[in-house]
Each structure stands twice: as C-alpha cells, then as structure tokens.
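Residue numbering for the sequence shown is 78 to 265, as defined by this note's numbering.
Each residue gets a CB set at the ideal place from its N, CA and C atoms; glycine is no exception.
Following: one structure in structure tokens, then a few remarks.
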Amino acid sequence: MSNRNVLVVLSGPSGVGKGTIAKLLIERNRNVSLSISCTTRKPRDGELNGREYFFIEKSEFISKLEDNGFLEYSEHFDNYYGTPRQFVLDSLKEKDVLLEIDVNGGLEVKKNYPTALLIMIEPPSVEEIRNRLIKRNTESMEKINSRMQRIDYELGKKDLYDYTVVNDDLFTAVEEIENIIKSEKSKI
Ligand code: 5GP
78 MSNRNVLVVL
88 SGPSGVGKGT
98 IAKLLIERNR
108 NVSLSISCTT
118 RKPRDGELNG
128 REYFFIEKSE
138 FISKLEDNGF
148 LEYSEHFDNY
158 YGTPRQFVLD
168 SLKEKDVLLE
178 IDVNGGLEVK
188 KNYPTALLIM
198 IEPPSVEEIR
208 NRLIKRNTES
218 MEKINSRMQR
228 IDYELGKKDL
238 YDYTVVNDDL
248 FTAVEEIENI
258 IKSEKSKI
C-alpha cells in the first residue's frame with residue numbers, strides 16, 4: 078500500500094450537513110486536513126486570515142487566476158472564491174485534503190486533478206427537505222422552489238461523482254467516507 082495522500086471533494090445541496098461531516102472527519106482523522114480557499118470578500122467579525130479564508134485583493138486574485146493558481150474558482154455575490162492550487166498540493170504532501178465545494182467546483186477540480194475523489198452527500202429524502210421548508214414557513218413558495226431546483230441540480234450531477242453517501246445518520250456517513258478514503262488509498 079502506498080502512502081500517497083488523496084484529495085477528497087465533498088459536495089451536496091446546502092443544508093445536507095457537509096460542514097458537520099467535514100468537521101467530524103478532521104476531528105477523527107489526524108491525517109486529514111481541510112483546504113482553505115482564497116476570497117476577495119472582506120473578513121467578517123471573528124474571521125482570521127489563513128483560518129477561514131485567505132483574504133486577498135481582487136487584483137491579486139486575478140493575477141493568481143491568470144497564473145493558473147486555482148484548481149477551481151467561482152463568483153458569489155460579486156466576490157471571487159477559489160481553491161488555491163499550490164496550497165492544496167503542499168498540504169497533500171502532509172495529509173489527505175478535504176475540499177467542501179459545490180458540484181461545478183468539484184467537477185472542475187477533477188479536470189485539473191484527475192485523481193481527486195469526488196463524494197456527493199445526499200439527503201435521505203429530498204421530499205422531506207421540501208416539507209420542512211414549507212412547514213417552517215419562513216420563505217415564500219418561490220424561494221422554496223428555487224432552493225429545491227438548486228438541490229435537484231446538485232443531485233442531478235451525482236452520476237459524475239465517484240461515490241454517493243446518504244447522510245441519514247451522521248456517524249454512519251462519516252464512517253462510510255473514512256472507508257472510501259481507506260480503500261482508495263490502498264489502490265494508489
Ligand atoms: P461565504 O462568503 O458565506 O463564506 O461563502 C459564500 C459562498 O462561497 C458559499 O456558497 C461557499 O460554499 C462558496 N465558496 C467558498 N469557498 C469556495 C471555493 O474555494 N470555491 C468555490 N467555488 N466556492 C467557494
């Protein structure tokens with residue numbers, strides 16, 4: 078078995094519990110670290126440069142982008158966000174690296190780093206999410222429908238992912254991911 082570390086991408090619709098899964102994976106596995114993205118947005122209260130994000134100026138982001146410095150990037154609310162290529166490659170020398178990004182980002186990473194392991198986190202029931210949103214009654218039907226469309230869009234790409242894990246029980250999902258990583262490491 079080789080000691081090569083793997084780049085693991087976790088994707089899935091918002092609210093599916095990716096963040097909690099990533100946190101638990103890191104707490105339970107000393108050989109797993111979380112990548113830190115670059116962003117051009119300003120830090121919020123309590124956020125630290127190099128912890129939540131690398132906060133950089135737009136001009137720096139653009140020149141890094143032109144230098145092929147990102148494994149993927151996207152724009153949200155007028156700010157750029159990207160996965161820094163060199164940071165990830167350096168981290169991979171030490172540990173397995175987790176990226177928590179949307180499906181488009183995940184597929185882009187796979188193009189740039191073909192051995193990346195793409196894992197889709199799926200909710201146990203999409204209908205249940207819709208019912209919960211409707212019951213909560215905090216959003217208009219229009220907003221609920223657009224969120225549901227986004228969920229369908231993300232999950233619609235799951236066949237392009239290497240694995241799908243259902244987050245029914247948190248610990249079972251985490252164990253499943255640990256086993257996937259273990260079996261993948263034994264192949265390389
Ligand atoms: P926030 O500003 O609230 O931290 O993040 C806004 C959005 O940017 C979230 O949907 C988050 O998932 C996304 N995001 C954060 N980092 C990255 C990244 O490296 N790449 C991409 N494509 N999206 C990111």
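Give the secondary structure of residue i by DSSP, where H, G and I count as helix, E and B as strand, and everything else as coil.
i	result
S79	Confidence at S79 is low in this model, with a pLDDT of 49, below 50, so its placement is unreliable and no value can be given for it.
I178	coil
S260	helix
V93	coil
S202	coil
S112	coil
S217	coil
N106	coil
K234	coil
D246	coil
I98	helix
I228	helix
E255	helix
I211	helix
Could you please give me the residues that DSSP links to residue i through a beta bridge?
i	result
T241	M197
V85	L175 and L194
Could you give the distance in angstroms between the alpha-carbon of residue i and the alpha-carbon of residue j?
i	j	result
R207	K220	11 Å
A193	Q163	15 Å
L101	I133	28 Å
D155	A250	34 Å
D179	E205	21 Å
K119	L169	28 Å
Y150	R213	33 Å
I141	D167	Correcting the residue identity first, residue 141 is Lys in this sequence and not Ile. C-alpha separation (whole angstroms): 16 Å.
T241	K235	7 Å
L176	N108	14 Å
E261	N244	20 Å
S79	E104	For S79, the predicted model reports a pLDDT of 49, less than 50, meaning its position is unreliable; a value from the coordinates is still stated below. In a straight line, the C-alpha of S79 is about 23 Å away from that of E104.
L247	E129	23 Å
T160	K264	26 Å
Exercise. Hey, which unbroken runs of the alpha helix (DSSP H) at 4 residues or more fall wholly within the region 114-180?
Worked result: 135-143 and 162-171
Exercise. Between the region 84-94 and the region 178-186, are three or more C-beta pairs nearer than 8 Å?
Worked result: yes
Exercise. Would you say the region 210-226 touches the region 106-124, given that touching needs at least three Cβ pairs under 8 Å?
Worked result: no
For this session: Check whether the region 223-236 touches the region 90-106, taking contact to mean three or more Cβ pairs, one atom from each stretch, closer than 8 Å.
Result: Enough Cβ pairs lie closer than 8 Å, so yes.
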